Amino acid sequence: MRLILPLILLVLSPSFSLSQYQYNINRPKPQLPPFKFPTQDKELVRVFEWKNIQYGFPSEQERQEVLRNGRYNPDSPIPIDIGVYYPQNGGPARYFITTPRFGQGVPYSLAYVTSIQGSNGTEVQAYPSYQWHSSHGRNCDGLTSVYRVHIDACGQMWILDSGEIEFVQHCAPQVVVIDLATDQLIHRYRLPSASFKAGVSRFVNILADIRDPPPQGQCKDVFAYLADPTSKAIVVYDVLGQQSWRVENKFTYPDAKFGTHTVAGESFELLDGPLALAVTPFGLGLRRHLIFHALSNELELAIPLDVLNNATNWQKGLGSSLSEFVTLGRRGVQCASHAISRQGYLFCGFLNPIGIFAWDIRTPYNGQNVKLLALNPETLQFVSGLKIVSRPSDGREELWLFSNRLQKIFAGTIDYTEINYRVLRCDVDDLLQGRGCF
Ligand SMILES: *[C@@H]1O[C@H](CO)[C@@H](O)[C@H](O)[C@H]1NC(C)=O
Ligand SMILES: *[C@@H]1O[C@H](CO)[C@@H](O)[C@H](O)[C@H]1NC(C)=O
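Shown next as structure tokens:
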């Protein structure tokens, strides 16, 4: 008892030193105050809109050929992610989208957005080239099915390829890194069989934590985190150490109570594990954590990076390092992708109310601190991709998101005469300070 009491006092003491400060472990209170949200809809700037993804091809003959042989069916692709690249030399921004091969009719799964307007929206073209995609699973040196991408501060695009087409594993899941300044392949890592579960895993999200960022660093010391919601795990990839390991336990699991996802009155069922990944920034005086959540769960969770990044801590299967996980709080609803700004605000698009929420990671995660910043029941239906991008011209941060009305795709109610897919942008500070988006 003598030993325990001083320990408790130390933990509760408000003067507990800042360098030791971790997170407010916010044990959920039985009754949380309701989320407050503004009455007005706040608009985010619409950058791209599509009724349907408008694919470009190397030639009209190629388009006709893939339409004929079923490798392109305009009703098949579902876009899910956005990547934005601002060249450091001030050149024009480049925009990328992903359309994983959930079905057969997806001509390519990673594309850049052109400036050509088509009848369904802005035309896209295959990236890095059409040939990278055109084998449809036969050539594992290409890209089989890209779910999401992460563009780092060195202009490297981290591409996560699940290796599947229509849920059949054609190639091992892989991480492919392309240098955006030269469009050249600079790194490839095929997941070893111990890091995924064949026939079960589906890799859908990647976050590369750059531990040697520019201007001093070269973006070589990297840990990449891969979300595998169907095998309910996070895979840690130590790039310098050239190894990867799985993290799977009760915190990476979905909660059946959050298996029904309802957006704007339509619902779909998914029992998905980890989807959202973000790391807390350097420079806040906090022990760094990965903040993550399962798509089909209300819990927001964190794990310290020093624990996560040490393979030795994960050798005991489901029981590994359990006491290191922090339950930050509960949302009472699902949100999909998330991202953290430099100043430590975590952004996520909630399914209900249909809006963008932000939470200051230094405060308890609860209904008072998780604040609604933008509400739009039409344009923010299912934010499947969400990124924070630093603008080189003035160093300010922008929030970018991709919304895709996933509930309509599941329900079969998608109407291609309406705008279904949107890329939206807002200045992070403007959004946080309620100035709207300009
Ligand atoms: C636009 O999308 C519709 C619906 O999928 C499709 O039938 C049509 O072929 C598309 N048009 C072009 C030019 O891609
Ligand atoms: C990794 O963790 C193990 C056991 O938890 C510890 O003994 C070892 O020192 C750690 N390695 C590093 C590099 O921190």
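FYI, the numbering for the sequence shown is -19 to -1, 1 to 419, going by mature numbering (1 follows the signal peptide of the UniProt record, and there is no 0). In this text, a Cβ means the ideal position worked out from N, Cα and C, and glycines have one as well. Keep in mind it's a predicted model, so treat the numbers as computed, not measured.
Once the 5 residues before and after Ile321 are set aside, which same chain residues still bring their CB inside 8 Å of it?
In the sequence shown, the residue the question calls residue 321 occupies position 340. Cβ within range, chain order: Ala259, Val260, Thr261, Pro262, Ile272, Leu327, Phe328, Ile342 and Ile369.
Any non-hydrogen atom of ligand 2 closer than 8 Å to Asp287 Cβ:
Within the sequence shown, numbered from 1, the residue matching residue 287 stands at position 306. For ligand 2, at least one heavy atom lies less than 8 Å from the Cβ of Asp287.
Assuming Asn357 and Gly325 make a contact with CB atoms under 8 Å, what is their CB distance in whole Å?
Sequence index remark: in the sequence shown, residue 357 carries index 376 (1-based). Sequence index remark: in the sequence shown, residue 325 carries index 344 (1-based). Asn357 to Gly325, Cβ: 25 Å. No contact.
Looking at the secondary structure, which residues open and close the alpha helix (DSSP H) in which Gln45 lies?
For the purposes of this step, residue 45 is taken as residue 64 along the sequence shown, with counting starting at 1. Gln45 -> alpha helix (DSSP H) spans Glu41 to Asn50.
Beta-ladder partner(s) of Cys316, from DSSP:
What you label residue 316 is simply residue 335 of the sequence shown in a count that begins at 1. Beta-bridge pairing links Cys316 to Phe331.
Less than 8 Å between the CB of Asn294 and some heavy atom of ligand 2, yes or no?
On the sequence shown, position 313 is the one that residue 294 refers to. Yes, the Cβ of Asn294 comes within 8 Å of a heavy atom of ligand 2.
For ligand 2, I want to know if Asn357 counts as a neighbour, meaning its beta carbon is within less than 8 Å of at least one of the ligand's heavy atoms.
As a first step, residue 357 must be located in the sequence shown, where it is residue number 376. For ligand 2, not one heavy atom lies less than 8 Å from the Cβ of Asn357.
Pair within 9 Å by beta-carbon distance, Val244 and Cys316:
Working through the sequence shown from its first residue, we reach residue 244 at position 263. Working through the sequence shown from its first residue, we reach residue 316 at position 335. No, the Cβ-Cβ distance between Val244 and Cys316 is not below 9 Å.
Rounding to the nearest angstrom, what Cα-Cα distance links Ala205 and Ile187 in this structure?
Position 224 of the sequence shown, counting from 1, holds the residue named residue 205. Position 206 of the sequence shown, counting from 1, holds the residue named residue 187. The alpha-carbon atoms of Ala205 and Ile187 are separated by roughly 7 Å.
If you count every other CB in all the chains shown that lies within 10 Å of the CB of Ile6, and 16 or more means buried, which is it?
Within the sequence shown, numbered from 1, the residue matching residue 6 stands at position 25. The pLDDT assigned to Ile6 is 43, lower than 50, so where the model puts this residue is not dependable; a value taken from the coordinates is nonetheless given after this. Counting Cβ neighbours within 10 Å, Ile6 comes out exposed, since fewer than 16 surround it.
Which word fits Gln174, buried or exposed, when buried means at least 16 other C-beta atoms lie within 10 angstroms of its C-beta?
As a working note, residue 174 is residue 193 in the sequence shown. Correcting the residue identity first, residue 174 is Ser in this sequence and not Gln. Ser174 comes out exposed.
Using only the heavy atoms of ligand 1, determine whether one of them is closer than 8 Å to the beta carbon of Ser302.
As a position in the sequence shown, residue 302 is number 321, starting the count at 1. No, Cβ of Ser302 sits at least 8 Å from all heavy atoms of ligand 1.
Distance, Cα to Cα, Tyr2 vs Thr360?
Taking the sequence shown and counting its residues from 1, one reaches residue 2 at position 21. Taking the sequence shown and counting its residues from 1, one reaches residue 360 at position 379. Any reading at Tyr2 must be qualified, since the residue scores a pLDDT of 41, below 50, and its modelled position is unreliable; no value is offered.
CA nearest to the CA of Arg227, picked from Phe249, Asn294, Leu380 and Gln69
Residue numbering aside, residue 227 sits at position 246 when the sequence shown is read from its first letter. For the residues Phe249, Asn294, Leu380 and Gln69, the minimum Cα distance to Arg227 belongs to Asn294.
With a threshold of 8 Å, are at least 3 pairs of Cβ atoms found where one atom belongs to the stretch 205 to 216 and the other to the stretch 167 to 183?
yes
Identify every residue that forms a DSSP beta bridge with Arg227.
Your numbering for residue 227 matches position 246 in the sequence shown. In the DSSP output, where bridge partners are listed per residue, Arg227 has Val216.
C-alpha distance - Gly417 paired with Arg403, whole-angstrom precision
Locating residue 417 in the sequence shown gives position 436, where the first residue counts as 1. Locating residue 403 in the sequence shown gives position 422, where the first residue counts as 1. The alpha-carbon atoms of Gly417 and Arg403 are separated by roughly 18 Å.
Consider the C-beta atom of Asn230 and the heavy atoms of ligand 2; say whether any pair is separated by less than 8 Å.
Taking the sequence shown and counting its residues from 1, one reaches residue 230 at position 249. No, Cβ of Asn230 sits at least 8 Å from all heavy atoms of ligand 2.
Would you tell me roughly how many angstroms separate the C-alpha atoms of Gln155 and Arg183, rounded to the nearest one?
As a working note, residue 155 is residue 174 in the sequence shown. As a working note, residue 183 is residue 202 in the sequence shown. The straight-line gap from Cα to Cα measures roughly 11 Å.
Taking its Cβ as the centre, do 16 or more other Cβ atoms sit within 10 Å of residue 427, making it buried, or is it exposed?
The structure shown does not extend to residue 427, since the chain spans only -19 to 419, so no value can be given for it.
Where in the stretch 137 to 205 do unbroken runs of the beta strand (DSSP E), each at least 3 residues long, occur, reported from the N-terminal end onward?
137 to 142, 155 to 160, 165 to 171 and 186 to 191
From the DSSP output, in three-state form, read off Ile390 for me.
Indexing the sequence shown from 1 puts residue 390 at position 409. If DSSP states are grouped into helix, strand and coil, Ile390 belongs with the helices.
May I have a chain-ordered list of the alpha helix (DSSP H) segments no shorter than 4 residues that lie completely inside the stretch 225 to 303?
286 to 289
Can you tell me whether Gly37 is buried or exposed, with buried defined as 16 or more other CB within 10 angstroms of its CB?
Stepping through the sequence shown from its first residue, residue 37 is reached at position 56. Buried: at least 16 other Cβ atoms inside 10 Å.
May I have the straight-line CA-CA distance separating Asp408 from Leu354, to the nearest angstrom?
What you label residue 408 is simply residue 427 of the sequence shown in a count that begins at 1. What you label residue 354 is simply residue 373 of the sequence shown in a count that begins at 1. Rounded to whole angstroms, Asp408 to Leu354 spans 12 Å at the Cα level.
Based on Cα-Cα distance, which residue from Leu91, Gln150, Ser212 and Ala134 lies nearest to Gln197?
Mapped onto the sequence shown, residue 197 falls at position 216. When each option's Cα is compared against that of Gln197, the closest is Ala134.
Which whole-angstrom value describes the C-beta separation of Val87 and Ser57, a residue pair presumed to lie in contact below a C-beta threshold of 8 Å?
Here residue 87 refers to the residue found at position 106 when the sequence shown is read from its first residue. Here residue 57 refers to the residue found at position 76 when the sequence shown is read from its first residue. About 6 Å separates the two Cβ atoms, so the contact holds.
The beta strand (DSSP E) that contains Val65, what's its start and end?
Counting from 1 along the sequence shown, the entry for residue 65 is found at position 84. Taken as a continuous stretch (DSSP letters only), the beta strand (DSSP E) holding Val65 covers Asp62 to Tyr66.
Decide if Thr103 is buried, meaning its Cβ has at least 16 other Cβ atoms within 10 Å, or exposed.
The residue you call residue 103 lines up with position 122 of the sequence shown. It counts as buried.
Mark Lys389 as exposed unless 16 or more other C-beta atoms lie within 10 angstroms of its C-beta, in which case mark it buried.
For the purposes of this step, residue 389 is taken as the residue at position 408 of the sequence shown. When all chains shown are included, Lys389 counts as buried.
Give me the Cα-Cα distance between Gly313 and Ile34, rounded to the nearest whole angstrom.
Numbered from its first residue, the sequence shown carries residue 313 at position 332. Numbered from its first residue, the sequence shown carries residue 34 at position 53. Looking at the two C-alpha atoms, the distance is approximately 33 Å.
Three-state class that DSSP yields for Asn7 in the structure shown
Working through the sequence shown from its first residue, we reach residue 7 at position 26. Confidence at Asn7 is low in this model, with a pLDDT of 43, below 50, so its placement is unreliable and the value that follows should be read with caution. Correct three-state label for Asn7: coil.
Rounded straight-line distance, which links the Cα of Ser248 to that of Val351:
As a position in the sequence shown, residue 351 is number 370, starting the count at 1. As a position in the sequence shown, residue 248 is number 267, starting the count at 1. Answer to the nearest angstrom: the Cα atoms are 24 Å apart.
Does Glu399 come out as helix, strand or coil in the three-state DSSP assignment?
For the purposes of this step, residue 399 is identified with residue 418 of the sequence shown, where counting begins at 1. Glu399 falls in the coil class under three-state DSSP.
Helix or strand or just coil, what does DSSP make of Leu412?
If you number the sequence shown from 1, residue 412 lands on position 431. Reduced to three states, the DSSP call for Leu412 is helix.
Quick one: is the Cβ of Gly99 within less than 8 Å of any heavy atom of ligand 1?
Position 118 of the sequence shown holds residue 99. Yes, the Cβ of Gly99 comes within 8 Å of a heavy atom of ligand 1.
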